[in-house]
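Residue numbers (my numbering): 15 to 250.
Below is one structure, written out as structure tokens; the observations come after it.
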């Protein structure tokens, strides 16, 4: 089986398509009408829908950027949105095709709850403990996007084990996924390149990777079943 056969296989990745469209729409609105950014963003939390809309919001208005920032708000927005979609589309679609939309929705629910709790803790640390001004912003789907990578990495391992790693390493799709996985790990571990929020983004990225690993362990049998992996019978 080739990686592209998974993408072209039966089933429509409704979840990943919906998330992609919402990210584009919400982000576009915030750029066309800058005043809506803080209506969608997590900080400051004033409206109930912000606990979900911040996931689909990307970038930041010019007023949040440092005066000496080497990039503009539109550059940041396009980079932020583009990178997350480059995880959600290839990695997310692959994961959804293998696990199904229902399990992918469970992954979204778990990551969303974990991210919201983490964001509230971050806010409490800054405002209550460090006595700093209230955070402004808080946006992006990386808390979900990074969850897909461990699932896909394990799926590729299973694929290589069944059909041969030599055949896996000859596929262009494999190197495309690797070219996204490596910088993802670098970004998740480096607060200096985790975006304008620094350490806060790093925490969200690492949390997403941990959730993805846990999810892979919990549903590894489903991943194996997709590739029709049959475990050897126990001795005796």
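From the three backbone atoms N, C-alpha and C, an ideal C-beta is built for every residue, glycine too.
Remember, it's a predicted structure, so these values are computed and weren't measured experimentally.
Exercise. Provide the residue span of the alpha helix (DSSP H) that contains residue 81, from first to last.
Key: Stepping through the chain shown from its first residue, residue 81 is reached at position 67. Unbroken run through residue 81: none, as it is neither H nor E.
Practice problem: Please state whether DSSP places residue 151 in a helix, a strand or coil. | Solution: Against the chain shown, residue 151 aligns to sequence position 137. DSSP places residue 151 in strand when its eight states are reduced to three.
Quiz item: On the three-pair Cβ rule with 8 Å, is the stretch 218-233 touching the stretch 150-166?
Solution: A contact between stretches requires three or more CB pairs, one per stretch, nearer than 8 Å, and the stretch 218-233 meets this requirement with the stretch 150-166.
Quiz item: If we call anything under 8 Å between Cβ atoms a contact, is residue 172 one with residue 98?
Solution: One-based indexing of the chain shown puts residue 172 at position 158. One-based indexing of the chain shown puts residue 98 at position 84. No, these two residues do not count as a Cβ contact at 8 Å.
Exercise. Output yes or no for whether 8 Å exceeds the beta carbon distance between residue 190 and residue 137.
Key: On the chain shown, residue 190 is found 176 positions in, with the first residue counted as 1. On the chain shown, residue 137 is found 123 positions in, with the first residue counted as 1. With a cutoff of 8 Å on beta-carbon distance, residue 190 and residue 137 are scored as not near each other.
Quiz prompt | Burial state of residue 217 (16 or more Cβ within 10 Å) | solution = The count along the chain shown starts at 1 and reaches residue 217 at position 203. Buried.
Practice problem: Please name the residue or residues paired with residue 57 in a DSSP beta bridge. | Solution: As a working note, residue 57 is residue 43 in the chain shown. Partner(s): 151.
Quiz item: So, using beta-carbon positions, are residue 44 and residue 71 closer together than 8 Å?
Solution: Along the chain shown, one-based indexing puts residue 44 at 30. Along the chain shown, one-based indexing puts residue 71 at 57. Closer than 8 Å, so yes.
Quiz item: Which whole-angstrom value describes the C-beta separation of residue 103 and residue 169, a residue pair presumed to lie in contact below a C-beta threshold of 8 Å?
Solution: In the chain shown, counting from the first residue as 1, residue 103 sits at position 89. In the chain shown, counting from the first residue as 1, residue 169 sits at position 155. Actually they do not touch by this definition, with Cβ atoms about 16 Å apart.
Quiz item: To the nearest angstrom, how far is it from the Cα of residue 96 to the Cα of residue 178?
Solution: Residue mapping note: residue 96 aligns to position 82 of the chain shown, counting from 1. Residue mapping note: residue 178 aligns to position 164 of the chain shown, counting from 1. If I take the Cα positions, the gap works out to 33 Å.
Self-check item: Length of the line joining the Cα atoms of residue 123 and residue 82
Solution: For the purposes of this step, residue 123 is taken as residue 109 along the chain shown, with counting starting at 1. For the purposes of this step, residue 82 is taken as residue 68 along the chain shown, with counting starting at 1. Taking the straight line from one Cα to the other gives about 38 Å.
Self-check item: Residue interval of the alpha helix (DSSP H) (run including residue 232)
Solution: Residue numbering aside, residue 232 sits at position 218 when the chain shown is read from its first letter. Element bounds for residue 232: 213-232.
Quiz prompt | Collapsed DSSP secondary structure at residue 68 in the structure displayed | solution = By 1-based counting over the chain shown, the position of residue 68 is 54. Residue 68: coil per DSSP, three-state reduction.
Quiz item: Helix, strand or coil: which one does DSSP assign to residue 37?
Solution: In the chain shown, counting from the first residue as 1, residue 37 sits at position 23. Looking at residue 37 - three-state DSSP - the assignment turns out to be helix.
Self-check item: Range covered by the alpha helix (DSSP H) that runs through residue 124
Solution: One-based indexing of the chain shown puts residue 124 at position 110. Run containing residue 124: 115-138, per the alpha helix (DSSP H) assignment.
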